[in-house]
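If you read the sequence shown in the working numbering, its first letter stands for residue 2, the second for the next number, and so on.
For each residue, glycine too, the CB sits at the ideal point set by N, CA and C.
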Amino acid sequence: MPPKSATQTASLRNGLYLVAVLLLPLLVLWHRDNVLYSPPWHTDAWFYLGYFKDLADFKRDLFPGAHFGSRYSWILPGYLVHSLFSPVTANFILHLTVHSIAVLSLFSILRVTAGVRAAFLTAMVFSLHPWLWAATGWDYVDGPGIAYCLLALALLTRSARQPVRRGSLLLAGMALAGMLYSNLSWITVAPLPPLYYIVLVWAWHRTPMIRSLAAVCVWSGAGFGIVTVAFSGVNYLLEGSLWFLRTSIEMARTLAAHWNYPTRIWENGGLVPWLWFSVVAGTTAIFLLPSRLRKGAVRHNAAGLVFSAQLLVTVAFMAYLQYRGVAVLRQYTYSTHLLPFVFLVIGTSFWPAA
């Protein structure tokens, strides 16, 4: 057991790192004062601002059948914050909270799986990444989805360190529900965090996978169910119907059948810029895969191996959809689903000497 002074020093150091991570957005806001506002030429983001300001009228009278109104994991927090503060203050609090949750969750995951210095270096790059700001700085749902995804992974990592932390698993299930209900396109990612937990518990504690599967199904499933029931109740109060996902499912079917957006991932003679980091991380994951699969190295590199597998599986599925004409990689609002796994791969692959 480490001496008390060493424990206190480690706690102080971790606290200073957390403060530094929270202050990183100031480096961007120091030079840019427009990164926390929706751009005027994207109409979808402005619908959500309307729901934040006047939820009941937007749901009942103005847009009763719109799929925007079914995304309660983003609409309800926005409505709450805008109810408590003036518009500019509410906008500042809401978007910086989303951004900070995403970065702190990434830091928390990597602090356990890669070490505190590698975690901080990755968090710096992530927090200053322009396409993360593009997602978290406007009122569209891609930023909240990233934050919910990373929060779920952070809670699962915490539980995996000392299984079974039922509270962390319960909260992880609630975060996964928030991720999925922010945009149903996250369904391509939804199975990956529970699998990550199962593999980590097996690698770190040699716990049979069937036991971890049972724990994550029971406790995370309960958290997911709590959020689902709550959103159903809210929808019943606003619209008189329990099934709040109906309009989102209809929109997903329409998009799959009639994709009306550009499909090429190349422009101006090169790859679209929001995929550059994905290419770097994907190439790194493939390059390091043989060493991580060596005999005796799987358990030691379990987190890095799982992050690499998650990224490659997600890229492969998105590439398949791209091939079928549903160009999710061409639209950065969908390709940002890759960002959590891109930076988790970077954090567990780069800076090994940190």
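### Task
State buried or exposed for Ala163, treating a residue as buried only when at least 16 other CB atoms are found within 10 Å of its CB.
It should be noted that the sequence gives Gln, not Ala, for residue 163. With fewer than 16 Cβ atoms within 10 Å of its Cβ, Gln163 is classed as exposed.
### Proximity of Ile102 and Leu340 at Cβ, strictly below 7 Å
One thing to note: Ile102 has its Cβ no nearer than 7 Å to the Cβ of Leu340.
### Query
Does DSSP put Trp132 in a helix, in a strand, or in coil?
If DSSP states are grouped into helix, strand and coil, Trp132 belongs with the helices.
### Message
Extract the residue ranges of the alpha helix (DSSP H) inside the stretch 172–221, only unbroken runs of 4 or more that lie entirely within it.
### Response
193–206 and 210–216
### Task
List the DSSP bridge partners of Leu272.
Trp267
### Message
Judging by CA-CA distance, which residue of Ala67, Phe86 and Trp31 is the nearest neighbour of Phe48?
### Response
Ala67
### Query
On the premise that Leu154 lies in contact with Ile110, defined as a C-beta separation below 8 Å, what is that separation, rounded to the nearest angstrom?
6 Å
### Query
Would you report the Cα separation of Ala215 and Ser350, rounded to the nearest angstrom?
31 Å
### Query
Does the beta-carbon of His43 have 16 or more other beta-carbons within 10 angstroms, so that it is buried, or is it exposed?
exposed
### Query
Pairing CB atoms from the stretch 217–228 with CB atoms from the stretch 172–187, are three or more of them under 8 Å?
A contact between stretches requires three or more CB pairs, one per stretch, nearer than 8 Å, and the stretch 217–228 meets this requirement with the stretch 172–187.
#### Entry: Sequence-distant residues of the same chain with beta carbon closer than 6 Å to Val1, five excluded per side
The question about residue 1 has no answer here: the residues shown for the chain are numbered 2 through 355.
### Task
Indicate whether Trp352 and Ala119 have their beta-carbon atoms separated by less than 7 Å.
yes
### Query
Near Asp140, which residues of its chain fall below 6 Å by C-beta distance, leaving aside the five closest residues on each side in sequence?
Ser39, Ala46, Tyr49 and Leu50
### Query
If we count Cβ pairs, one from each stretch, closer than 8 Å, do we get three or more for the stretch 317–337 versus the stretch 247–260?
Counting Cβ pairs under 8 Å, three or more are found: they touch.
### Query
How would you label Trp187, buried or exposed, when you count the other beta carbons within 10 angstroms and need 16 or more for buried?
buried
### Task
Measure the CB-CB distance between Leu37 and His96 and report whether it falls below 7 Å.
yes
### Message
Are the CB atoms of Leu345 and Phe308 within a distance shorter than 7 Å?
### Response
yes
### Message
Pop quiz: Gly283 and Leu312 are said to be a contact at Cβ under 8 Å. What is the actual Cβ separation, rounded to whole angstroms?
### Response
6 Å
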